[in-house]
Amino acid sequence: MSQPQLLYQLQQIDTEFQEKRQRLGEVLRAQKETEELLAARKQMETAVATLRRWQSRHKTLTLELQSVTDKAKRSEQRLYSGSVKNPKELADLEHEIAALGRRRAALEDDILEAMLEVESAQAEHDQAAAQLTAVTAQWEKSQASLKKEQHELALRLNALNEQRQHHLPRLAPERLVEYEQLRQKKGGLAVAGLQQTMCLGCRLTVPANKVKEAQEGRLVYCPSCGRLIVPI
Ligand SMILES: [Zn+2]
Numbered sequence: 208m209s210q211p212q213l214l215y216q217l218q219q220i221d222t223e224f225q226e227k228r229q230r231l232g233e234v235l236r237a238q239k240e241t242e243e244l245l246a247a248r249k250q251m252e253t254a255v256a257t258l259r260r261w262q263s264r265h266k267t268l269t270l271e272l273q274s275v276t277d278k279a280k281r282s283e284q285r286l287y288s289g290s291v292k293n294p295k296e297l298a299d300l301e302h303e304i305a306a307l308g309r310r311r312a313a314l315e316d317d318i319l320e321a322m323l324e325v326e327s328a329q330a331e332h333d334q335a336a337a338q339l340t341a342v343t344a345q346w347e348k349s350q351a352s353l354k355k356e357q358h359e360l361a362l363r364l365n366a367l368n369e370q371r372q373h374h375l376p377r378l379a380p381e382r383l384v385e386y387e388q389l390r391q392k393k394g395g396l397a398v399a400g401l402q403q404t405m406c407l408g409c410r411l412t413v414p415a416n417k418v419k420e421a422q423e424g425r426l427v428y429c430p431s432c433g434r435l436i437v438p439i
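Numbering of the sequence shown is given in this note's numbering, commencing with residue 208 and proceeding in unit increments.
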C-alpha cells in the first residue's frame with residue numbers, strides 16, 4: 208500500500224475518533240437531570256409542604272376546638288350546678304360561656320376551611336406525585352440508552368486508538384510529521400479523498416495532470432485547499 212493510501216487510512220481513523228469523542232462529550236453532558244425533572248421534583252416538594260402545612264393547621268384548630276369545648280362544658284356545669292350564687296360571678300360566667308361559644312363557632316368555620324384546603328392540597332400532591340413518577344421513568348429510560356451509547360463509544364474509541372497504534376509504524380516519520388501539521392492547519396482534515404476529479408476536502412475540481420499523479424500513488428496536494436488528495 209502506498210504512503211498516500213496509508214495516510215488516507217490514518218485520516219479515516221482520526222476523523223472517526225474525533226467524531227466519536229465529540230459524541231461521547233455530548234452523551235456525558237446529556238446524563239444530567241433535565242429541566243423537566245427538576246421542575247417536577249420542585250413541584251412535588253411544594254405540594255408536600257403545602258399539604259403538611261394545612262394538615263398541621265387542621266390539627267391545631269381541632270385541638271383548640273376540643274379545649275374550648277371542654278372549657279365551655281366545665282363553665283356550664285358550674286353555672287347550672289347552683290354552687291355559684293354571687294350575681295356578678297354568675298354574669299361573668301354567662302359572658303365567658305357566650306364568648307367560648309363564639310370562639311367555637313369561629314373555630315368550626317376555620318376547621319371547615321382547613322379541611323377543604325387539605326383536600327385540595329392532597330389532590331395537588333397526588334397530581335404532582337404522578338407527574339414526577341412519569342417524568343422520572345422517562346428520564347431513567349433515556350439514561351439507560353445514553354449509558355449504553357457511552358459504553359459503545361468508549362469501546363469504539365479504544366479500538367480506534369489501537370488501530371492507530373498499529374498503523375503508525377507503516378508510515379515514514381516525515382510523512383507523519385507533515386500529516387499532523389497539515390491536520391492542525393486544515394481543521395482536522397489533512398487527507399481528502401479524490402472522487403474522480405473532485406477533491407472531497409473542498410469539493411472543487413482538481414486539474415487532470417494532478418489527478419493522474421495521484422492515481423500513480425504520488426504525493427499530490429489539492430491546488431485549491433492544500434490537502435493531500437488520494438483517489439478512492
Ligand atoms: Zn481541495
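The beta carbon of each residue, even a glycine, is placed where N, CA and C say it ideally should be.
**Item:** residue 265, buried or exposed, once every other Cβ within 10 Å from all chains shown has been counted against 16
**Value:** Buried.
**Request:** Measure the alpha-carbon distance for residue 287 versus residue 319 and round it to whole angstroms.
**Result:** Each residue's alpha carbon lies about 31 Å from the other.
**Prompt:** At a cut-off of 8 Å, is residue 436 close to ligand 1 when judged by its beta-carbon and the heavy atoms of the ligand?
**Reply:** Yes, since a heavy atom of ligand 1 falls inside the 8 Å radius drawn around the Cβ of residue 436.
**Nearest-angstrom Cα separation, counted from residue 261 out to residue 325** = In a straight line, the C-alpha of residue 325 is about 5 Å away from that of residue 261.
**Message:** Suppose the cutoff is 6 Å on Cβ atoms and the five residues either side in sequence are ignored; what does the same chain contact list for residue 399 look like?
**Reply:** If we look at residue 399 and ignore the five residues flanking it on each side, its Cβ neighbours are 406, 407, 408, 434 and 436.
**Message:** Under DSSP, the beta strand (DSSP E) around residue 413 begins and ends at which residues?
**Reply:** Careful: residue 413 lies outside any beta strand (DSSP E) and carries neither H nor E.
**8 Å contact criterion, which residue 386 and residue 217 should meet: CB distance rounded** = Yes, they are in contact, since the Cβ atoms of residue 386 and residue 217 sit about 7 Å apart, within 8 Å.
**Item:** Unbroken stretches of the alpha helix (DSSP H), 4 residues or longer, contained in the region 298 to 386
**Value:** If we require 4 residues or more, the region 298 to 386 turns out to have no alpha helix (DSSP H) run fully inside it.
**Message:** Taking 9 Å as the threshold (C-beta atoms), are residue 267 and residue 332 in contact?
**Reply:** For residue 332 and residue 267, no; Cβs fall outside 9 Å.
**Request:** Could you tell me which residues DSSP puts in a beta bridge with residue 286?
**Result:** Per DSSP, none; premise fails for residue 286.
**Message:** Report the CB separation of residue 214 from residue 382 in whole angstroms; it is logged as a contact under 8 Å.
**Reply:** The C-beta distance from residue 214 to residue 382 rounds to 6 Å, short enough to fall under 8 Å.
**Asked** Which first and last residues belong to the beta strand (DSSP E) in which residue 436 is found?
**Response** Going by DSSP, residue 436 is part of the beta strand (DSSP E) stretching over 435 to 438.
**Sequence-distant residues of the same chain with beta carbon closer than 8 Å to residue 297, five excluded per side** = The beta carbon of residue 297 sits closer than 8 Å to those of 286 and 291, all from its chain and outside the five residues before and after it, given in chain order.
**Request:** Grab the span of the beta strand (DSSP E) containing residue 400 for me, first residue to last.
**Result:** 398 to 402 is the span of the beta strand (DSSP E), which, as asked, contains residue 400.
**Request:** Would you mind reading off the limits of the alpha helix (DSSP H) that contains residue 227?
**Result:** Following the DSSP letters along the chain, one finds residue 227 inside the alpha helix (DSSP H) bounded by residues 210 to 237.
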